[in-house]
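The numbering of the sequence shown is the working numbering, which starts it at 424 and goes up by one.
Ideal Cβ placement from N, Cα and C applies to all residues, glycine included.
Below is one structure, written out as structure tokens, with a few remarks after it.
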Amino acid sequence: MYVLTKLEDVVRIPPNRFGEERKKVIEELVHTSIEGTMKKDTGLTILAANVEPHGEGIIIHGDGAIYQKVKFEALVYRPDLQEVVDGDVVDVVEFGAFVRIGPLDALCHTSQVTDDFVKVNIGAKQIEGTATRRKLVIGDSVKARIVAISLNELNPRESKIGLTMRQPGMGTEEWAHEKEKAEHKGKEPKHQKAEGGTRKPEVGEAKPEKEKKRKKEESK
């Protein structure tokens, strides 16, 4: 999910930028060195704003740069276990489909696409259920649940996120419509009065034939 939060970090101000406006330099360094980075406890930083230096900078022996602590507001993307996400299928491979969720790609293994056995057509970039005939192709918008997360801080694009679409309400919108149609088709009205037909007697009410017989005997 996307989260707006407050973060702290440290930027390195090189000596050749000491003569520039301090706040402007710090903001630029935050944008270039922190945006796009991944931390397992906070997630992937998408955007930083309202950057402010915090305290005095520190000079480390043997390094002429200033290390400045900063505070800022950040828009981060942080995938959570069991989170239901919307995404788009961006690739189909022999072992499953890659789904883009926010700024990251996640994998839905073939065993997690549907409850049906599936076959993969690499040439058509398609996964199809053998019994249900449900299809998954590049460009499909899907709903899935996150079931595994392994974030890579050094290379965020290499993070591994596992998805499942085997639960109710998951998969493509077309799959959901198919289920609704099947459920609606299986529902038949219990009682339906045909036009010009006879009315079914209520509980405890005598049937018409018996009522006529009783009246005939009383008239004798």
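Original post:
How long is the line joining the alpha carbons of residue 486 and residue 434, rounded to whole angstroms?
Top reply: 14 Å
Subject >> Unbroken alpha helix (DSSP H) run spanning residue 448, endpoints >> reply: 445-456
**OP:** Give the DSSP bridge partners of residue 508, in chain order.
**Re:** 567
Original post:
Of all the options 554, 502, 508 and 579, which has the alpha carbon lying nearest to the alpha carbon of residue 595?
Top reply: 508
**OP:** Quick one: grab the DSSP three-state call for residue 523.
**Re:** strand
Original post:
Does the count of Cβ pairs from the stretch 584-593 and the stretch 560-571 closer than 8 Å reach three?
Top reply: yes
Original post:
Do you know whose CA, among 546, 553, 446 and 543, lies nearest residue 473's CA?
Top reply: 446
Original post:
Given a threshold of 16 other Cβ atoms within 10 Å of its Cβ, counted over all protein chains shown, does residue 526 qualify as buried or as exposed?
Top reply: exposed
Subject >> Close Cβ partners of residue 545 (< 8 Å) along its chain, the five nearest in sequence each way excluded >> reply: 515, 516 and 517
Original post:
Between 567, 449 and 536, which lies nearest to residue 551 when the distance is taken from Cα to Cα?
Top reply: 536
Original post:
Smallest Cα separation from residue 579: which of 439, 429, 469 and 432?
Top reply: 469
**OP:** Write down the C-beta distance between residue 475 and residue 493 rounded to the nearest angstrom, noting that I regard them as a contact closer than 8 Å.
**Re:** 7 Å
**OP:** Could you pull out every residue in the same chain whose Cβ sits closer than 8 Å to the Cβ of residue 489, ignoring the five residues on either side in sequence?
**Re:** 435, 436, 441, 480, 481 and 482
Original post:
Are the Cβ atoms of residue 539 and residue 553 separated by less than 8 Å?
Top reply: yes
Original post:
From residue 534 to residue 519, what does the alpha carbon distance come to, in whole angstroms?
Top reply: 8 Å
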